[in-house]
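Peer 1: Going left to right, the sequence shown walks through residues -3 to 128 as our numbering numbers them. Backbone N, C-alpha and C define an ideal beta-carbon position, used for all residues, glycine too. This one's a predicted model, so the numbers in the text were calculated from it and none came from an experiment.
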Amino acid sequence: MRPPLRLAHMPARYSTVLIEGDSMLPTFSSGDWLLARWGSFSLKSQTGFLRGIFSGGIFSSGISVDDVLTIELANQPGIFYVKRVSKIDREKHELYLLSDNPEGTDSRQWGWLPISSARAKVICRVRKTRAR
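(1) According to DSSP, which residues form a beta bridge with Ala70?
(2) Kindly confirm or deny that the segment 110 to 117 and the segment 14 to 24 touch, where touching means at least three C-beta pairs closer than 8 angstroms.
(3) Going by DSSP, name the residue or residues bridged to Val81.
(4) Rounded to the nearest angstrom, what separates Gly100 and Val81 at their Cα positions?
(5) Closer than 6 angstroms by C-beta to Ala32: which residues in its own chain qualify, once you throw out the five before and the five after it? Chain order, please.
(6) Find out if the Cβ-Cβ distance for the pair Asp102, Lys83 is shorter than 8 angstroms.
(7) Starting from the Cα of Arg121, find the closest Cα among Val64, Asp62, Asp28, Ile75 and give me that residue.
(8) Quick one: grab the DSSP three-state call for Trp106.
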């Protein structure tokens, strides 16, 4: 995956991510562009439903199950992966990340990853790949 490209007139912490590969099929296809919020992240507190809605949602720095993240592995600096949070170990501050495509590479091969591996939180797809 290429490093992020900034969208014009957006703060530096928001940028686009280009999907390369099939690990997130059927949700995202190779060539899709995603909008992501870059920064440091924490685990979302386990609060009531309404409080969770008003605490920032997808724009917050909290991570919860089902969030889609851009991660960077410590042993592969400069290479970014887009994966979905499947499980959270709150005591160890670790994430178990899965590809949406069962054949993708993810925590089934890597194991649990520290929350510090999270580089960006995907907000939405901004451009879908055109069918060929």
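Peer 2: Looking at the coordinates:
(1) According to DSSP, which records beta bridges pairwise, Ala70 is partnered with nothing at all.
(2) No: the two stretches stay apart, fewer than three of their Cβ pairs being nearer than 8 angstroms.
(3) In the DSSP assignment, the residues bridged to Val81 are Leu93.
(4) Cα to Cα, Gly100 sits roughly 14 angstroms from Val81.
(5) Cβ within range, chain order: Val13, Thr66, Ala116, Val118.
(6) Contact flag unset, no.
(7) Here the closest residue by C-alpha is Asp28.
(8) Helix at Trp106.
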